[in-house]
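Okay, structure first, notes after.
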């Protein structure tokens, strides 16, 4: 059996691809990958042991391009489709799984042209542009959210086992983790700075990931306040699970992978969606949990510390932490690969 995974560009898409590839390898399935030379694809998967072979094609995003740049991006996509057709044929691919992102275009469209079964994983609560175009041609669309598609199959989100392994039920807020992201979300960083004195007065420990780009500025702000020795500040950590497990509460953006990783760890979270995400999908990601009374979500424009502190005073931490443990399971990747193999065998 030969499966091919395509897509990426950003960590959210790539983490799904990695988890699915690991599941395939454990089953003895040959799994190939098509990504892009742009974005983070090559950094993640060049010489990755989970893949039988990886390919990185010269593609770039199309949606936000205009004029000549858009024409050039479309031209690169056409070339990628032709290259992908050859790759699919050379490796006798039985099915293609698209995890979204611009780098999925060439491989996914080539699968349709070559009449190879295409499966889509939509990571967000709102369809991405490429996935919405491709979904009519797909056998199934997998998602952990309730998306509108007659081909929709609900599965748990494919997440690394470590987030479940180190999960714990929270009882009391002794430590808060602020996740500003690897690059640095200035709004969350400023929010953490503004809250620091109030939280420390409550004897709440602060762990703050401020991102590489904003580290020096944030460090200086804490130094001005005389708090630098009292805050656990860091720019980036590949072993973020350790920081997450230490925390009793979190403040974060609402990208799909981050959201479901926090759920898997049973960590109650105050979400501040990135306001410029395509179709405002981060807001709708968090709203899914909000409707289940399993989080709080505040749009960035409405953010103030009084709302946050009132929420801390009113939160039923134990109930939410236990509720989070019920909405995701550790077998998301297994569910997806099971369905793919089942559909292939029916053809």
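Numbering (the working numbering), first residue to last: 444 to 790. The beta-carbon is built from N, C-alpha and C at its ideal position, and this holds for glycine as well.
{"Check": "Excluding the 5 residues preceding and the 5 following residue 528 in the sequence, name in chain order all residues of the same chain whose CB lies nearer than 8 Å to its CB.", "Outcome": "553, 556 and 557"}
{"Check": "Look at the Cβ atom of residue 699, then the Cβ atom of residue 714, and state whether they are nearer than 8 Å.", "Outcome": "no"}
{"Check": "DSSP three-state call for residue 665: helix, strand or coil?", "Outcome": "helix"}
{"Check": "Taking 7 Å as the limit between beta carbons, can you name the residues of its chain near residue 417, skipping five residues before and five after?", "Outcome": "Only positions 444 to 790 of the chain appear in this structure, which leaves residue 417 out of reach."}
{"Check": "In the DSSP assignment, the beta strand (DSSP E) including residue 597 goes from what residue to what residue?", "Outcome": "595 to 597"}
{"Check": "Using a 10 Å radius around the Cβ and a threshold of 16 neighbouring Cβ atoms, would you call residue 718 buried or exposed?", "Outcome": "exposed"}
{"Check": "Between residue 580 and the rest of its own chain, which residues show a CB-CB distance below 8 Å, the 5 nearest in sequence each way excluded?", "Outcome": "555 and 561"}
{"Check": "Helix, strand or coil: which one does DSSP assign to residue 445?", "Outcome": "strand"}
{"Check": "Pull up the distance between the alpha-carbon of residue 629 and that of residue 623, whole angstroms please.", "Outcome": "7 Å"}
{"Check": "If the criterion is Cβ atoms closer than 8 Å, does the pair residue 477 and residue 525 meet it?", "Outcome": "no"}
{"Check": "On the premise that residue 634 lies in contact with residue 746, defined as a C-beta separation below 8 Å, what is that separation, rounded to the nearest angstrom?", "Outcome": "6 Å"}
{"Check": "Please report how far the alpha carbon of residue 726 lies from the alpha carbon of residue 544, in whole angstroms.", "Outcome": "19 Å"}
{"Check": "Entirely within the region 533 to 618 and at least 4 residues each: give me those alpha helix (DSSP H) ranges in chain order.", "Outcome": "548 to 556, 572 to 577 and 605 to 608"}
{"Check": "Going by the CB atoms, is the gap between residue 621 and residue 652 shorter than 8 Å?", "Outcome": "yes"}
{"Check": "Out of curiosity, what's the CA-to-CA distance linking residue 695 and residue 471?", "Outcome": "37 Å"}
{"Check": "Cβ of residue 550 within 8 Å of Cβ of residue 449?", "Outcome": "yes"}
{"Check": "Confirm, please, whether the CB-CB distance from residue 610 to residue 708 is below 8 Å.", "Outcome": "yes"}
{"Check": "For residue 576 versus residue 691, is the C-beta spacing smaller than 8 Å?", "Outcome": "no"}
{"Check": "Quick one: is residue 487 near chain E, going by C-beta distance under 8 Å?", "Outcome": "Within the model displayed, chain E is absent; a lone protein chain is all it includes."}
{"Check": "By DSSP, does residue 733 sit in helix, in strand, or in coil?", "Outcome": "helix"}
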